[in-house]
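Here is the structure we will look at, set down as structure tokens.
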Amino acid sequence: MLVIGEKVNIMSKTIGPAMKERDPGPIREMALRQVAGGANVLDLNLGPATKNGPEMMEFVVRTVQEVVPDIRLCLDTMNPEAMEAGLKLCTLQPIINSTSAERARLEAFLPLAKTYEAEIIGLAMTEAGVSRDANERLMAATEIMAAMMEFDVPLDRLYLDPLLLPIAVAQQQALEAIESVAMFKQLNEPPLKTVVGLSNIYNGCQEHVKSPLAAALLALLIPSGLDAAIMDPNDELQMAVVRQDETVLSSETIRKSVGVLKNETLYCNSYLD
Ligand code: THG
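At position 65 of the sequence shown the residue is numbered 65 (the working numbering), and the sequence of numbers has no breaks.
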């Protein structure tokens, strides 16, 4: 499974200011640390990048490529101009993160995927918003597939993302996302690739349950056919699941967290205590 490191992101307390002040030090350090932890790809998350987006993306791509030239980049921004500025600089095949089934995003990002021969992540959401269940996610996914064909981008360059929602907000959604990944794998022959932003699951949860929840979800998603995860490559528990470490997979921590994710136990902050 492809590990896409999530830590170079504008929301981070160390990386956010470094991106804004064009200070390469903390960004270099975070890139190297994630690759040392086992990241195969690095996500560069600039958020909306409304202010000087293209120039900021160029700075971040250059900074990261200088220290880890053999690592592919996943460019994460809603700003198409910033995306294109980054794509132009990538020396290895980039991943565009992301389009959705929304027409404006498809029209902005699919031509970039074609021109720069990039892979692209398709979020299972439409004009109507985030999907409510696996069927709505499947509908969004088929719209993205159709648009890939319309814009002449080969389907083997697509990663479908069910878009995980926080467990603290909607407990049933974890099961819907797991089912979605299994359904995405059956959409096409050969099967399409799948990805999740793993840490979405624990937004709003207490610190001590974050890593167990993410690790348990990964343990459930891998057998459903997950090909890649945007995640923290320096989290021991999650990386042990990536390696399919039997001791971790059969641990009490994972078993209890799986119970919560499968909606068999009600989620509360003290479920592991
Ligand atoms: N799917 C796709 N792309 C995505 C997501 C997804 N990109 C964004 C997000 N979800 C995944 N990436 C992150 C990046 C950072 C954090 C969480 C998810 C994060 N960041 C802080 C840090 O690095 O310190 C903490 C910020 C905070 O204080 O809240 O947690 O689902 N395709």
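Glycine residues also receive a C-beta, built at the ideal position from the N, C-alpha and C atoms.
#1: Jot down the residue ranges of each uninterrupted beta strand (DSSP E) in the stretch 110 to 181, minimum 3 residues, whole runs only, in chain order.
#2: As an exercise, report each continuous alpha helix (DSSP H) stretch of at least 4 residues that is fully enclosed by the stretch 37 to 74, in chain order.
#3: Name the residue from Leu87, Leu92, Glu66 and Phe109 whose alpha carbon lies nearest to the alpha carbon of Met78.
#4: Is it the case that the CB of Gly53 approaches a heavy atom of the ligand THG more closely than 7 Å?
#5: Does the stretch 114 to 121 touch the stretch 78 to 94, meaning 3 or more C-beta pairs lie closer than 8 Å?
#6: Can you name the residues that DSSP bridges to Leu2?
#7: Taking 7 Å as the cut-off, is the beta-carbon of Lys193 closer than that to any non-hydrogen atom of the ligand THG?
#8: Contact between the stretch 128 to 139 and the stretch 174 to 187: three or more CB pairs below 8 Å?
#9: Going by other Cβ atoms of all chains shown within 10 Å of its Cβ, with 16 needed for buried, is Met231 buried or exposed?
#10: Taking 7 Å as the cut-off, is the beta-carbon of Met11 closer than that to any non-hydrogen atom of the ligand THG?
#11: For Val258, which residues of its own chain have a beta-carbon under 6 Å away from its beta-carbon, when the five flanking residues on both sides are left out?
#12: Which residue's Cα is closest to the Cα of Ala36: Cys268, Gln244 and Asp235?
#13: Around the C-beta of Met239, are 16 or more other C-beta atoms found within 10 angstroms, so that it is buried, or is it exposed?
#14: Shorter than 7 Å, the distance from the beta carbon of Lys7 to the closest heavy atom of the ligand THG, or not?
#15: Pull up the CB-CB distance for Leu272 and Val169, whole angstroms please, since I reckon it's below 8 Å.
#16: Can you check which of these residues, Arg72, Val3 and Ala141, is closest to Ile95 by C-alpha distance?
#17: Taking all protein chains shown into account, do 16 or more other C-beta atoms lie within 10 angstroms of the C-beta of Leu163, making it buried, or fewer, making it exposed?
#18: How many angstroms separate the CA atom of Pro166 from the CA atom of Leu261?
#19: Cβ of Gly197 within 7 Å of any heavy atom in the ligand THG?
#20: Nearer than 7 Å: is that true of the beta carbon of Asp76 relative to any heavy atom of the ligand THG?
#21: At which residues does the alpha helix (DSSP H) containing Thr253 begin and terminate?
#22: Taking the continuous beta strand (DSSP E) assigned at Thr91, which residues delimit it?
#23: Rounded to whole angstroms, what is the Cα-Cα separation between Cys90 and Glu264?
#24: The ligand THG and Ser98: does any heavy atom of the ligand fall closer than 7 Å to the residue's C-beta?
#25: Can Ala147 and Ala124 be called in contact, C-beta distance under 8 Å?
#26: Indicate, with yes or no, if the ligand THG has a heavy atom lying under 7 Å from the CB of Ile178.
Quick look at the numbers:
#1: 119 to 123 and 158 to 161
#2: The stretch 37 to 74 contains these whole alpha helix (DSSP H) runs: 53 to 67.
#3: Phe109
#4: no
#5: yes
#6: In DSSP, Leu2 forms a bridge with Ala228.
#7: no
#8: Per the Cβ contact rule, the stretch 128 to 139 is in contact with the stretch 174 to 187 (3 or more Cβ pairs under 8 Å).
#9: buried
#10: Checking the Cβ of Met11 against the ligand THG gives yes.
#11: Ala216
#12: Asp235
#13: buried
#14: Yes, the ligand THG has a heavy atom inside 7 Å of this Cβ.
#15: So it is not a contact: roughly 19 Å between Cβ atoms.
#16: Arg72
#17: buried
#18: Each residue's Cα considered, the two are about 11 Å apart.
#19: yes
#20: yes
#21: Glu252 to Leu261
#22: No beta strand (DSSP E) contains Thr91, which DSSP labels as neither H nor E.
#23: 45 Å
#24: yes
#25: no
#26: Ile178 Cβ: outside cutoff for every heavy atom of the ligand THG.
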